[in-house]
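Right, one structure below, let's go through it.
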Amino acid sequence: MLSIVSSRHLVLSVLLAISGMVGATGCLEPGKSTEEGAVDGGEGERDEEYWADEDGCGGYADFVYEECLEEDEEDVDCGSRATEAYAECITWDDREEGDWGEDDWEEDDWEDGEDEWEDREDDWEEGDWEDGEDEWEDREDDWEDEGESAEGACEERAWTTYEECIDAGGDAERCRAAYAAAYEECIESIGDDEGDDESDEECAERARAVYDECIGAGGDAERCRYAYSEAYEDCMEG
Numbered sequence: 187m188l189s190i191v192s193s194r195h196l197v198l199s200v201l202l203a204i205s206g207m208v209g210a211t212g213c214l215e216p217g218k219s220t221e222e223g224a225v226d227g228g229e230g231e232r233d234e235e236y237w238a239d240e241d242g243c244g245g246y247a248d249f250v251y252e253e254c255l256e257e258d259e260e261d262v263d264c265g266s267r268a269t270e271a272y273a274e275c276i277t278w279d280d281r282e283e284g285d286w287g288e289d290d291w292e293e294d295d296w297e298d299g300e301d302e303w304e305d306r307e308d309d310w311e312e313g314d315w316e317d318g319e320d321e322w323e324d325r326e327d328d329w330e331d332e333g334e335s336a337e338g339a340c341e342e343r344a345w346t347t348y349e350e351c352i353d354a355g356g357d358a359e360r361c362r363a364a365y366a367a368a369y370e371e372c373i374e375s376i377g378d379d380e381g382d383d384e385s386d387e388e389c390a391e392r393a394r395a396v397y398d399e400c401i402g403a404g405g406d407a408e409r410c411r412y413a414y415s416e417a418y419e420d421c422m423e424g
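For the sequence shown, our numbering assigns the number 424 to the last residue and increments by one with no breaks.
Below is the structure:
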């Protein structure tokens, strides 16, 4: 293993020496690892003060060379890639901010980004959308059923009566009574149409008793209307 690593460093040093960019003394600054020579603090940013000298750039070239070998790609000259990395490094200070263009992004970088986006799109399967639509349709059906039911229609009519009573200057107790009467009358009228007079009347009376008990116990109008509705529905379902 040691001989393989030494051979890699030797090859890299020879390539860089041929390019006139580094001596045969090695690539890394004493006390710095390969990765430390390539990035600063692990954030992927150049440590310009360190990289300004040739030993620092040699460390970066060494890093690029080792990474290339680990990728084990076909038809890739790792020595040339390391040499180009070194040349880029030593001319860092000469490069103006505006010189960075799309050419500095490798094609693989763009492809990796596209693949990541496609993976995120794949997370939303068609079934997820269908499940969401089905859930929404179910909720809409519930609302329609409630609005079309006798109880829902009568509650709406009774609530309108209550609001009209309040707007006309009626007090809360009087308007609650108007609400209950309107609801009961509505339910009874629907029951007559369905031929269930006796059961509707019985349930309406029972619900009215629940409403009166609720008001007598100090309950507010909204709570007692709900109690009335629940009592009536329970009676009809029973």
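We put the CB at the ideal spot given by N, CA and C, even for glycine.
Taking every protein chain shown into account, the CB of ASP248 has 16 or more other CB atoms within 10 angstroms, so this residue is buried. DSSP places GLY265 in the uninterrupted alpha helix (DSSP H) bounded by 264 to 276.
In the DSSP assignment, GLU408 falls within the alpha helix (DSSP H) that extends over 407 to 423. Here DSSP, grouped into helix, strand and coil, assigns ASP258 to coil. With at least 16 other beta carbons inside 10 angstroms of its own, VAL396 counts as buried. Taking GLU370 as the centre and dropping the five residues before and after it, the same chain places the C-beta of ALA390 and ARG394 closer than 7 Å to its C-beta, in chain order.
Comparing C-alpha distances from GLU374 to each of ASP258, CYS264, TYR418 and GLY265 shows the shortest one belongs to TYR418. ASP357 carries a coil assignment under DSSP once its states are collapsed to helix, strand and coil.
A direct Cα-Cα distance of roughly 10 Å separates ALA358 from ALA364.
Taking the Cα positions, CYS351 is about 31 Å away from GLU423. Note on geometry: alpha-carbon atoms of GLY356 and CYS421 lie some 31 Å from one another. Shown here, GLY402 sits in a helix according to DSSP, grouped into three states.
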